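S.K.: So that we are looking at the same thing, I have put the structure below in structure tokens.
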Amino acid sequence: MLDKPNQPTDLEIVNQLQAALGQPSLVAERLGCSLSYIYRRARRSARVREALRLQRGKLIDTAVVSLWQAVSQGESWAVKYALDLWGRARDFTDGGEDWHQAGSHGPLPPHQVRQLILELMKHASYTESVRTGGAESDAGHICPESQPGAVEDGRAPGGN
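Okay, here's the thing in structure tokens:
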């Protein structure tokens, strides 16, 4: 007689999704079931679907924070990637700006990094409404210079 394949409960899947940072393939491996089973459960169960959405959202948020950290440190690859991703609305393109050429040889000078971050935050800030289509929140404002009340020299309110 053939063994019945492992069919974990929704609660087991949700717990493993949290432990595996939303990676369904890891969940399937840990629970001894197929990846297609995990996706079937996500289609049929609001609980599993919501857990998957939340964990993927956390992963995206973590990646965006890491990208902003690299941009603020003047990493030219990060600046280029951020502008490719969010800068189209401001006509930042691969060959159109002089700083792209200068930035490809190492970190950008701090004043250029600050200027680029301010431009990106003004015109392409990452907000919860962009990610989820919901109501806007301040959770997406990663750069303190983009916050209301920031002083002109780039320091956050109350900074030195």
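In my numbering, the protein residues as written are 123 to 282.
Where a beta carbon is used, it is the ideal one built from N, C-alpha and C, also for glycine.
As the structure is a computational prediction, the values presented were derived from the model and not from experiment.
1. Using 8 Å as the threshold, is the C-beta distance between Gly209 and Val235 below it?
2. Decide if the stretch 178–191 is in contact with the stretch 143–150; the criterion is three or more beta carbon pairs, one per stretch, under 8 Å apart.
3. Should Val136 be labelled buried (16 or more other beta-carbon atoms within 10 Å of its own) or exposed?
4. Could you give the distance in angstroms between the alpha-carbon of Ala150 and the alpha-carbon of Tyr161?
5. Which term fits Gln223, buried or exposed, when burial requires 16 or more other beta carbons within 10 angstroms of its beta carbon?
6. Since Asp132 contacts Val170 with CB under 8 Å, what's their CB separation in whole angstroms?
7. Rounded to whole angstroms, what's the CA-CA distance from Ser147 to Ala173? Just pull it up for me.
8. Can you tell me whether Ala150 is helix, strand or coil according to DSSP?
M.R.: The relevant details are as follows:
1. Indexing the sequence shown from 1 puts residue 209 at position 87. Indexing the sequence shown from 1 puts residue 235 at position 113. Going by C-beta atoms, Gly209 is not nearer than 8 Å to Val235.
2. yes
3. Position 14 of the sequence shown holds residue 136. So Val136 ends up on the buried side.
4. Position 28 of the sequence shown holds residue 150. Position 39 of the sequence shown holds residue 161. About 10 Å.
5. Locating residue 223 in the sequence shown gives position 101, counting from the first residue. Unreliable placement is indicated for Gln223, whose pLDDT of 44 sits below 50; the coordinate value is still reported in the next sentence. Under this definition Gln223 is an exposed residue.
6. The residue labelled residue 132 in the question sits at position 10 within the sequence shown. The residue labelled residue 170 in the question sits at position 48 within the sequence shown. Right, the Cβ-Cβ distance comes to about 5 Å (below 8 Å), so this counts as a contact.
7. As a first step, residue 147 is located in the sequence shown; it is residue number 25 there, counting from the start. As a first step, residue 173 is located in the sequence shown; it is residue number 51 there, counting from the start. Cα-Cα distance, rounded: 15 Å.
8. Mapped onto the sequence shown, residue 150 falls at position 28. In this structure, Ala150 counts as helix in the three-state DSSP scheme.
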